[in-house]
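Peer 1: This structure is in structure tokens; I'll ask about it shortly.
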């Protein structure tokens, strides 16, 4: 018995009058007085549902069909036909078998009405049954696929950088510890300190905040590489933009400079938007209405736009001239808050912008020092409505400079000995950037809270399911 | 200046006599007495190197070219031509610019000779520069791509199941704890126990050992789903087959039974082998020689084979009849050791086998109880030379049975309340399997130790880099 899916029907892979078998769940049902039931079913294969016509002549009509409620699973044998009044496809049922009922239908948490995203968040195991989370899941899947496919076609190799690390990449930032020590009775050494030699890895280990340094070692051997994996931040940030566990794409390319890597990031984003518009159009139309955001148009605009670069120093001036918006001045050397970024991209330029050449003091040690000796070759891409979506830089490939920068940042060069080896042996100019998957999804779907864009969100005091 | 890669040259995307620019690293160099140097370069884009002909007429011939050593990075301008004596492609250099030298060439750890894998393991940051790790990296990348592409084409959606979890999936197994508590001064509650309320998530959390239960919630809404992500085991196993952090593909499909999901796993493996043979042939030829393993033939054999199923009970009999191999008898109900599995697949059947219907006592609570009430619908795929590569099962979709099985396994049903909801609301038969990426790579590459098949291995007492 070959099974059909709903997308097969809408993609016209099924002939009308052909007998099909389809397994699905009931979204909704309406019973007419003349003994016909109209059952709306979904199977996850696409946004669209399909209507099943069940006639009272079906032998289990009274016993089963009339009792069907939202959420029940069914196996339908039927014929695909065009509906009478509209030019829509529907299934005329020959038989309907109930696979699984719903215990206590009146308390089924996913009744076919509109639920708030907050309500659904506490039902993370059932929310994929809703239209909205179904749409987000398909878009998330499709974007991930597109990233893999695009990068592979561009000659990039996927590298799985380690999740557990003894290295603190940014030289700062809150990290999660990973341990098998017995917390009830932590072993101590002779000095009365935690004896990490007794821990699983024989030293203190963390969950990674970035795979970049490891990725660089592969870029300095195989030229073009990327990671696509989970990343962690133990920040106590209860915002709509932060997760303790999120997915990040990091790209590293040998022989590219800052402008080249940012132009490549643009090319990648355009490719994603172009293809997601082609493949997930029904999902996007639904989300556009639901979020009241001009999703489709803003992606189409991005596709035809050119990267617009401004210098950090120029951006500071613009902010200091906007006396209507900000009470206090920004000194050169200070970092932008998300309000500043919002002003620049949403209000002043009203378009995506790239801010580049930030002061070295507010950026990481590995970014390449510019000729002015004050700024580094770093750049952030800001999108209206979202803020920073991509952060990139050219890496310091000169061993002497790198060593100085480590010391300036009070990092012990010995801990970065292997990283320095990449500069000792056949060093090359190289650049890279990081793209947070959930923030990208926020731009594509119009959903503001990243907790709705990952299947099981982890945030401060929340690791349910 | 458009850059060319070595694979472009071998794929004939470059015309002979066309001027090209190529960035790469020196693998080896030979200087002839008549003033011509032959420089072997690589850029990671494919297994093949290409030879660069550098003539003494180059203005920096004496100063730079004669000093070049293995590992230096160079930018070459030249013309692609066919070599005189052989029908090979080579680059006739118009200019060669040194990008990065090698500090102390005589101590460069990756000199162009054959190194042992053990030696390279302690140079995880430089080993991608070797032929062998380059080949493995390309194959790892290509297989990951194939899995994503194949599953996407088959209608599966990628779900990122959480890495941090408060749930212990298997009801056993060593797990890593994730925490932000200060280990030097662990907070205690009034009872003198660790006060996990003060921890980041407000409860005890672990690194996941499987995304399956979470994945099931998506399969019971969107039908066909998979995860592809890192997985963790805090087992103190110092073997060639175990990593503390490894990558796993887990697949879950609604409406499929055990045999159907195993046949699907076969279809997926065949597809991977077929495409890896097509795309990574040079890498495989090299690895076949290097490992002295019949890699290509065994994949070709697999592609034309049919899944061969045997019952656990039958397998027990075979082992107990093989008195030459095993000293002690196995009782029905005992699990196979890896030696037993090796005997069945490598010696007795001499081919890949599927063992199915294991005793419920040695399998997890979520596997579907068979009619005999003693065995569960589980199956392992064993490959000669590798052992278990895939473990799958049909899941218990009947709420009453699941509840009984939880209790039998001394698990608190309340902790699995959300998981039980999947059976309370429109339950469906569903099945899935897990495939370890590094074990699959071991079969494809012939490399025995999984530490050589992941960029930065994590094992007991080892989290270097």
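Protein chains in written order, with the working numbering: chain A, -4 to 460; chain B, -4 to 460. Don't be surprised by glycine CBs; every beta carbon is placed ideally from N, CA and C. Quick caveat, the model's predicted, so the values are computed rather than measured.
Identify which residue in B:213, B:177, B:110, B:125 has its Cα closest to the Cα of residue 157 (chain B).
Peer 2: Position 162 of the second chain holds residue 157 (chain B). Selected option, being the one with the closest Cα: B:213.
Peer 1: Check whether the stretch 105 to 113 of chain B touches the stretch 169 to 186 of chain B, counting contact only when three or more Cβ pairs, one atom from each stretch, lie closer than 8 Å.
Peer 2: Touching, no.
Peer 1: Establish whether the CB of residue 335 (chain A) and some CB of chain B are separated by less than 9 Å.
Peer 2: Along the first chain, read from residue 1 onward, the residue named residue 335 (chain A) stands at position 340. Not an interface residue.
Peer 1: How should residue 447 (chain B) be labelled, buried or exposed, when 16 other C-beta atoms within 10 angstroms of its C-beta is the threshold for buried?
Peer 2: In the second chain, counting from the first residue as 1, residue 447 (chain B) sits at position 452. So residue 447 (chain B) counts as buried.
Peer 1: Here's a check: name, in chain order, each residue in its chain whose Cβ is nearer than 6 Å to the Cβ of residue 207 (chain B), leaving out the five neighbours to either side.
Peer 2: Position 212 of the second chain, counted from the first residue, corresponds to residue 207 (chain B). Result list for residue 207 (chain B): 245, in chain order.
Peer 1: List the endpoints of the continuous alpha helix (DSSP H) containing residue 445 (chain A).
Peer 2: Counting from one through the first chain, the residue named residue 445 (chain A) turns up at place 450. Per DSSP, residue 445 (chain A) belongs to no alpha helix (DSSP H) and is neither H nor E.
Peer 1: Spatial neighbours of residue 90 (chain A) within its chain, please: C-beta separation below 7 Å, excluding the five flanking residues on both sides.
Peer 2: Taking the first residue of the first chain as 1, we reach residue 90 (chain A) at position 95. These residues qualify, in order along the chain: 53, 72.
Peer 1: Counting C-beta neighbours from all protein chains within 10 Å, is the total for residue 324 (chain B) 16 or more, i.e. buried, or is it exposed?
Peer 2: The count along the second chain starts at 1 and reaches residue 324 (chain B) at position 329. Flag for residue 324 (chain B) reads exposed.
Peer 1: Using the beta-carbon of each residue, which ones in chain A are nearer than 7 Å to residue 179 (chain B)?
Peer 2: In the second chain, residue 179 (chain B) corresponds to position 184, counting from 1. Those within 7 Å of residue 179 (chain B) in chain A are 188, 189.
Peer 1: For residue 148 (chain B) and residue 125 (chain B), what's the separation of their Cα atoms in angstroms?
Peer 2: One-based indexing of the second chain puts residue 148 (chain B) at position 153. One-based indexing of the second chain puts residue 125 (chain B) at position 130. Residue 148 (chain B) and residue 125 (chain B): Cα-Cα distance of roughly 34 Å.
Peer 1: Is the Cβ of residue 101 (chain A) closer than 9 Å to any Cβ of chain B?
Peer 2: Numbered from 1 along the first chain, position 106 holds the residue referred to as residue 101 (chain A). Not closer than 9 Å to any Cβ of chain B, the Cβ of residue 101 (chain A) fails to qualify, so no.
Peer 1: Residues in the same chain with beta-carbon distance under 6 Å from residue 379 (chain B), minus the five sequence neighbours each way, listed in chain order, please.
Peer 2: Walking along the second chain from the start, residue 379 (chain B) turns up at place 384. So the qualifying residues of the chain are 340, 341.
Peer 1: Check this for me: beta carbons of residue 139 (chain A) and residue 281 (chain A), under 9 Å apart or not?
Peer 2: Indexing the first chain from 1 puts residue 139 (chain A) at position 144. Indexing the first chain from 1 puts residue 281 (chain A) at position 286. Contact flag unset, no.
Peer 1: Compare the C-alpha of residue 104 (chain B) against each of B:120, B:95, B:374 and name the closest.
Peer 2: For this step, residue 104 (chain B) is matched to residue 109 along the second chain. Per the Cα distances, B:120.
Peer 1: To the nearest angstrom, report how far apart residue 107 (chain A) and residue 394 (chain B) are at their CA atoms.
Peer 2: Mapped onto the first chain, residue 107 (chain A) falls at position 112. Mapped onto the second chain, residue 394 (chain B) falls at position 399. Whole-angstrom Cα-Cα distance: 23 Å.
Peer 1: Mind listing the chain A neighbours of residue 413 (chain B)? Cutoff is C-beta to C-beta under 7 Å, in chain order.
Peer 2: Stepping through the second chain from its first residue, residue 413 (chain B) is reached at position 418. Near residue 413 (chain B) (Cβ distances below 7 Å), the residues of chain A are 120, 460.
Peer 1: Please state whether DSSP places residue 80 (chain A) in a helix, a strand or coil.
Peer 2: Indexing the first chain from 1 puts residue 80 (chain A) at position 85. Coil at residue 80 (chain A), not helix or strand.
Peer 1: Let's see if you can read the secondary structure: which residues bound the alpha helix (DSSP H) around residue 261 (chain B)?
Peer 2: For the purposes of this step, residue 261 (chain B) is identified with residue 266 of the second chain, where counting begins at 1. Per DSSP, residue 261 (chain B) belongs to the alpha helix (DSSP H) from 253 to 274.
Peer 1: Quick one: what does DSSP say residue 229 (chain B) is sitting in, helix, strand or coil?
Peer 2: The residue you call residue 229 (chain B) lines up with position 234 of the second chain. Residue 229 (chain B) falls in the coil class under three-state DSSP.
Peer 1: Since residue 417 (chain A) meets chain B, which of its residues come closer than 9 Å, beta carbon to beta carbon?
Peer 2: Indexing the first chain from 1 puts residue 417 (chain A) at position 422. Near residue 417 (chain A) (Cβ distances below 9 Å), the residues of chain B are 120, 121.
Peer 1: Exposed or buried, what is residue 14 (chain A) when buried is set at 16 or more other beta-carbons lying within 10 Å of its beta-carbon?
Peer 2: Position 19 of the first chain, counting from 1, holds the residue named residue 14 (chain A). Classification for residue 14 (chain A): exposed.
Peer 1: Relative to the alpha-carbon of residue 303 (chain B), which residue among B:261, B:354, B:332, B:319 has its alpha-carbon at the smallest distance?
Peer 2: Locating residue 303 (chain B) in the second chain gives position 308, counting from the first residue. Checking every option, the nearest Cα to that of residue 303 (chain B) belongs to B:261.
Peer 1: Residue range of the beta strand (DSSP E) that residue 327 (chain A) falls in?
Peer 2: Taking the first chain and counting its residues from 1, one reaches residue 327 (chain A) at position 332. No beta strand (DSSP E) holds residue 327 (chain A); DSSP gives it neither H nor E.
Peer 1: With which residues is residue 248 (chain A) paired in a DSSP beta bridge?
Peer 2: Position 253 of the first chain, counted from the start, is the residue given in the question as residue 248 (chain A). Beta-bridge pairing links residue 248 (chain A) to A:219, A:426.
Peer 1: May I ask which residues mark the beginning and end of the alpha helix (DSSP H) holding residue 239 (chain B)?
Peer 2: Counting from one through the second chain, the residue named residue 239 (chain B) turns up at place 244. Segment: none, residue 239 (chain B) is in no alpha helix (DSSP H) and carries neither H nor E.
Peer 1: Could you name the residues of chain B that residue 18 (chain A) contacts, counting a contact when the two beta carbons are closer than 8 Å?
Peer 2: In the first chain, residue 18 (chain A) corresponds to position 23, counting from 1. By Cβ distance, chain B contributes 218, 249, 250, 423.
Peer 1: Report yes or no: is there a C-beta of chain A within less than 9 Å of the C-beta of residue 110 (chain B)?
Peer 2: In the second chain, residue 110 (chain B) corresponds to position 115, counting from 1. No, residue 110 (chain B) lies away from the interface with chain A (no Cβ there is under 9 Å from its Cβ).
Peer 1: Compute the Euclidean distance between the alpha carbons of residue 458 (chain A) and residue 452 (chain A), then round it to the nearest angstrom.
Peer 2: As a position in the first chain, residue 458 (chain A) is number 463, starting the count at 1. As a position in the first chain, residue 452 (chain A) is number 457, starting the count at 1. C-alpha separation (whole angstroms): 7 Å.
Peer 1: Who are the Cβ neighbours of residue 429 (chain A) in its own chain at under 6 Å, not counting the five residues just before and after it?
Peer 2: Taking the first residue of the first chain as position 1, residue 429 (chain A) is located at position 434. Here the set comprises 243, 245, 386.
Peer 1: Any C-beta of chain B sitting closer than 9 Å to the C-beta of residue 116 (chain A)?
Peer 2: As a working mapping, residue 116 (chain A) is identified with position 121 in the first chain. Chain B, which has no Cβ nearer than 9 Å to the Cβ of residue 116 (chain A), makes this no.
Peer 1: So which of A:109, A:330, A:153, A:257 has the shortest CA-CA distance to residue 285 (chain A)?
Peer 2: Residue mapping note: residue 285 (chain A) aligns to position 290 of the first chain, counting from 1. Taking only the C-alpha atoms, the option nearest residue 285 (chain A) is A:109.
Peer 1: Please classify residue 318 (chain A): is it buried, with 16 or more other beta-carbons within 10 angstroms of its beta-carbon, or exposed?
Peer 2: What you label residue 318 (chain A) is simply residue 323 of the first chain in a count that begins at 1. Exposed is the call here.
Peer 1: Taking the straight line between their C-alpha atoms, what separation do you get for residue 308 (chain B) and residue 372 (chain B)?
Peer 2: As a first step, residue 308 (chain B) must be located in the second chain, where it is residue number 313. As a first step, residue 372 (chain B) must be located in the second chain, where it is residue number 377. Each residue's Cα considered, the two are about 13 Å apart.
Peer 1: From residue 166 (chain B) to residue 272 (chain A), what does the alpha carbon distance come to, in whole angstroms?
Peer 2: The residue you call residue 166 (chain B) lines up with position 171 of the second chain. The residue you call residue 272 (chain A) lines up with position 277 of the first chain. In this predicted model, residue 166 (chain B) has a pLDDT of only 48, less than 50, meaning its place in the structure is not dependable; the value taken from the coordinates is given anyway. Their backbone Cα atoms lie some 43 Å apart in a straight line.
Peer 1: Hey, quick one: how far does the beta strand (DSSP E) through residue 419 (chain B) stretch, first residue to last?
Peer 2: In the second chain, residue 419 (chain B) corresponds to position 424, counting from 1. Residue 419 (chain B) -> not in any beta strand (DSSP E); alpha helix (DSSP H) instead, spanning 412 to 419.
Peer 1: Using a Cβ cut-off of 9 Å (strictly closer), state whether residue 455 (chain B) contacts chain A.
Peer 2: Against the second chain, residue 455 (chain B) aligns to sequence position 460. Chain A, which has a Cβ nearer than 9 Å to the Cβ of residue 455 (chain B), makes this yes.
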